[in-house]
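Q: Read in UniProt numbering, the sequence shown has 75 at position 75, and its numbers run on one by one without any break. All C-beta atoms, glycine included, are put in the ideal place defined by N, C-alpha and C. A single structure is presented below for examination.
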Amino acid sequence: MDILKEAAEFENAKMSNMSTSDRVEASREAKRLILGINEIYKETKDPELMEIMKRLTAKKKKIEIRLKGRPDQVI
């Protein structure tokens, strides 16, 4: 369950003042953690694991929005 400790550390890490390369690295780390936890979830079906994956996905989306920028708004 070492991956759960890594996920907790990632979740509590500050994401301010990051360079672009740091954001790319954080996004990849989030993806690795989510996929790792998903493998455990497939076997155990523990709802707590699903909640962890949801929180990590939300943080990953915020990082990716910052990387890619918001889509242009059409009026």
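Exposed or buried, what is M50 when buried is set at 16 or more other beta-carbons lying within 10 Å of its beta-carbon?
A: The residue is exposed, with fewer than 16 neighbouring Cβ atoms inside 10 Å.
Q: Of all the options D46, L4, I3, R23, which has the alpha carbon lying nearest to the alpha carbon of K61?
A: Cα-wise, what sits closest to K61 is R23.
Q: Can you tell which of M15, S19, T20, A7 has its C-alpha closest to the C-alpha of L35?
A: It is A7 whose Cα lies nearest to the Cα of L35.
Q: For M18, name the three-state secondary structure that DSSP assigns.
A: Coil.
Q: If you run the structure through DSSP and keep just helix, strand and coil, what is G36?
A: G36 falls in the helix class under three-state DSSP.
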